[in-house]
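See structure below.
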Amino acid sequence: MINFKSIKVQINSFLAVFAVFLYLKEPRIAFLTGFFWAILFSVLIEALWLFLKTKKLRATDGILTSGLIIGYVLSAESPWWMFLAAAAFTVGVKRLLRFHGKNLLNPAAAGLFLAAFLLEGSTEWKGAYAWYFLFPAGLYIIYKIKKTEIVLGYFMMSLALFIPQALIQGSSLLNIPWYFNYFFIFIMLIEPKTTPPTRWPKIAFGAGVALLIFLLTEWGFQYEPELFALLVVNALVPFLNKIPDFKFKPIQKTSQEMPMKNRKITLFLCGLLIASTTAFAHPPSDIKIQFDPATKLLTAVIEHHVSNPQTHYIKKVDIGLNGKEIKMLPFKKQDDNTTQTVEIMIPEAKKGDTLSVEGYCNLSGKLKKEIKVA
0 MINFKSIKVQ INSFLAVFAV FLYLKEPRIA FLTGFFWAIL FSVLIEALWL
50 FLKTKKLRAT DGILTSGLII GYVLSAESPW WMFLAAAAFT VGVKRLLRFH
100 GKNLLNPAAA GLFLAAFLLE GSTEWKGAYA WYFLFPAGLY IIYKIKKTEI
150 VLGYFMMSLA LFIPQALIQG SSLLNIPWYF NYFFIFIMLI EPKTTPPTRW
200 PKIAFGAGVA LLIFLLTEWG FQYEPELFAL LVVNALVPFL NKIPDFKFKP
250 IQKTSQEMPM KNRKITLFLC GLLIASTTAF AHPPSDIKIQ FDPATKLLTA
300 VIEHHVSNPQ THYIKKVDIG LNGKEIKMLP FKKQDDNTTQ TVEIMIPEAK
350 KGDTLSVEGY CNLSGKLKKE IKVA
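Below, the structure written as structure tokens:
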């Protein structure tokens, strides 16, 4: 019998429903295939591990969560063995790397990072900007598992870093919400077993992850700065737990007993996030296409304003001729902070044909433009 009162079951249910929504929004067979491999390999590997250890064939709710996360983060175009490797790394870290009987590192984050670092796996962070799903669910999750302070510390440190940077660079402050990966924040950052249990250590944890992500991004760290930062600060949790909690009363078990200060923190965070929702959707802003009939060269300049083109970029460009895709061009970074330029020969194009260029953001969103061959 499934216990829907369990927060683990609720999180897994949300992740499953969210995946269905994203697929309906942008149907791709590879999208479903990736989730299938991620969940299948994660469950099978842990079930085999537990069978060899206990002689009982079972799997935990936690590994299902990890499998879903792998499906969200790894690129849907990854080969099946990449999902197998990420799942194997995840189970290995979960079962072998422990401190005082508990997980030291976030298993899914470790598995994904190792796949990216050792096997050059690519990621796409599906649905990271679908705020209308992530906000309500995220706020509910952090309230239920008592991790509001982690998210608050993360956002406050990020704003303290991004606002001066934007002012120095002359960028609009409205661009700041684009820098956040909301799937990472509300699903991975707050993992209960690898984060501190008390208030000030939780604030320090969230702020520390945000600071390290900012520094790694500015230094051009290419191997998933969010995952690496999370793992580093995970390893520091035993030291963070020594931070005095100033004798504040812990969050109680029911909303009626919840201290007023904690309610104010949650409401403040809710207001802070909702106030910035207008800037979340971040597809390419424009595509300028030119085609030279003499040389048969198509040139497309895709405008996509980002903070760091190595972590937030145009991941692929589909080239179409008369409504049919003829070429897919993948990318692992963007030319610069504002554009991605594509040049491709199309010898079969002739006068009157329709050429299309569709650019996909690696986090969320796409844009398609067309021209007629003159």
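Residue 0 is where the sequence shown starts when you use numbering that gives the first Met the number 0, and the numbers rise one by one after that. We treat Cβ as the ideally placed atom computed from N, Cα and C, and that holds for glycine.
Output the distance between the C-alpha atoms of M156 and E347, rounded to the nearest integer angstrom.
53 Å
Could you tell me if M327 is buried or exposed, where buried requires 16 or more neighbouring beta carbons within 10 angstroms of its beta carbon?
exposed
Rounded to the nearest angstrom, what separates N233 and T337 at their Cα positions?
34 Å
Residue from S284, V372, D291 and E223 whose Cα sits closest to the Cα of S121:
E223
Using only the alpha-carbon positions, how far apart do F182 and A127 sit?
5 Å
Classify Y359 as buried or exposed, calling it buried when 16 or more other Cβ atoms lie within 10 Å of its own Cβ.
buried
Under the three-state DSSP convention, the category V305 falls into:
coil
Assuming L67 and N2 form a contact by the criterion Cβ under 8 Å, report the distance between their Cβ atoms to the nearest whole angstrom.
No, L67 and N2 are not in contact; Cβ-Cβ is about 18 Å, not under 8 Å.
Going along the chain, which residues of its own chain have a beta-carbon closer than 6 Å to the beta-carbon of K146, five neighbours each way excluded?
I189
Assuming G152 and I212 are in contact, meaning their beta carbons sit under 8 Å apart, how far apart are those beta carbons, in whole angstroms?
No, G152 and I212 are not in contact; Cβ-Cβ is about 13 Å, not under 8 Å.
Determine, using beta carbons only, whether T298 and E342 come nearer to each other than 8 Å.
yes
As assigned by DSSP and simplified to three states, the class of L271:
Any reading at L271 must be qualified, since the residue scores a pLDDT of 47, below 50, and its modelled position is unreliable; no value is offered.
Through-space distance from I144 to G205, alpha-carbon basis:
15 Å
Can you tell me which of the three DSSP states K314 falls into?
strand
Can you have a look at M187 and say buried or exposed, based on whether 16 or more other CB atoms are within 10 angstroms of its CB?
buried
Determine, using beta-carbon pairs with one atom in the stretch 75-94 and one in the stretch 109-116, whether at least three such pairs fall under 8 Å.
yes
Could you check whether the stretch 212-221 touches the stretch 95-112, counting it as contact only if at least three pairs of C-beta atoms, one from each stretch, sit closer than 8 Å?
no
With L320 and I345 assumed to form a contact (beta carbons below 8 Å), what rounded beta-carbon distance in angstroms separates them?
7 Å
Just to confirm, are S41 and I6 a CB contact at a threshold of 8 Å?
no
DSSP three-state assignment for F290, whether helix, strand or coil:
strand
Expected contact under 8 Å - CB spacing of V356 and I318 to nearest Å
6 Å
Quick one, are the C-beta atoms of L230 and N307 less than 8 Å apart?
no
Would you call W80 buried or exposed, if buried means 16 or more other Cβ atoms sit within 10 Å of its Cβ?
exposed
With distance defined between alpha-carbon atoms, name the residue in I175, D285 and I149 nearest to A159.
I175
Tell me the DSSP bridge mates of Y359?
K315 and K365
Rounded separation between F161 and T89 - CA only
32 Å
Comparing the CB of L215 with every heavy atom of the ligand NAP, is any distance shorter than 7 Å?
Of ligands this structure carries none, so the ligand NAP is not represented either.
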